[in-house]
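Here is the structure we will look at, set down as structure tokens.
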């Protein structure tokens, strides 16, 4: 299979969220068929849904992969499970140790019950669009919409850039 560039959204608000993201990025980079190409800056944001939970730390990773979109999704689930994540539909916007979302997989559009690519939240969530712009500021989504156009329509003043951590 020809390698594909994919973008992965990362989020955490339990334990040490920044450390959880660093650990997830390291696990992704070590996974077979995945080559890490870059990681955005880390941003803190208020949670979606119930506000009686800690703030999130969010980022985006760029990978090159020889995995299919579904294989990559399964790899993301494995990293989530390694961080104690239990997927529960009743906890849609609840706190979590780690949340990994496949945002983009090349220029493909995938719409199945298990996978929606591009991720429908890219242009609706500043905590996704802004870190994605760190890595691909001139990105054009498969539907022809530009990432910069998405950012212009989003309030980004609710995000706090976190200091660089190693």
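Residue numbers (my numbering): 24 to 189.
Virtual Cβ for every residue (Gly too), placed ideally from N, Cα, C.
query: Can you give me the Cβ contacts of residue 138 inside the same chain, cut-off strictly under 8 Å, excluding the 5 residues immediately before and after it?; result: 92, 93, 96 and 125
query: Can the beta-carbon of residue 88 be found closer than 8 Å to that of residue 57?; result: yes
query: Can you give the Cα-Cα distance for residue 161 and residue 67, rounded to whole angstroms?; result: 23 Å
query: Alpha helix (DSSP H) containing residue 157: first to last residue?; result: 149 to 158
query: So, with DSSP's three-state summary, where would you put residue 87?; result: strand
query: Hey, could you find the ends of the alpha helix (DSSP H) residue 95 is sitting in?; result: 92 to 105
query: Give the DSSP-derived three-state secondary structure of residue 132 in the structure shown.; result: coil
query: Please state whether DSSP places residue 172 in a helix, a strand or coil.; result: helix
query: Which class does residue 42 belong to by DSSP, given the choice of helix, strand or coil?; result: helix
query: Output needed for residue 103: all residues of its chain with C-beta closer than 6 Å, excluding positions within five of it in sequence on either side, in chain order.; result: 121 and 123
query: Please determine, among 152, 65 and 181, the residue with the shortest C-alpha to C-alpha distance to residue 173.; result: 152
query: Who are the Cβ neighbours of residue 107 in its own chain at under 7 Å, not counting the five residues just before and after it?; result: 120
query: Can you name the residues that DSSP bridges to residue 122?; result: 34
query: Return yes when the Cβ of residue 80 is within less than 8 Å of the Cβ of residue 65, no when it is not.; result: yes
query: What residues in its chain sit with their C-beta under 6 Å from that of residue 24, if we drop five residues either side in the sequence?; result: 89
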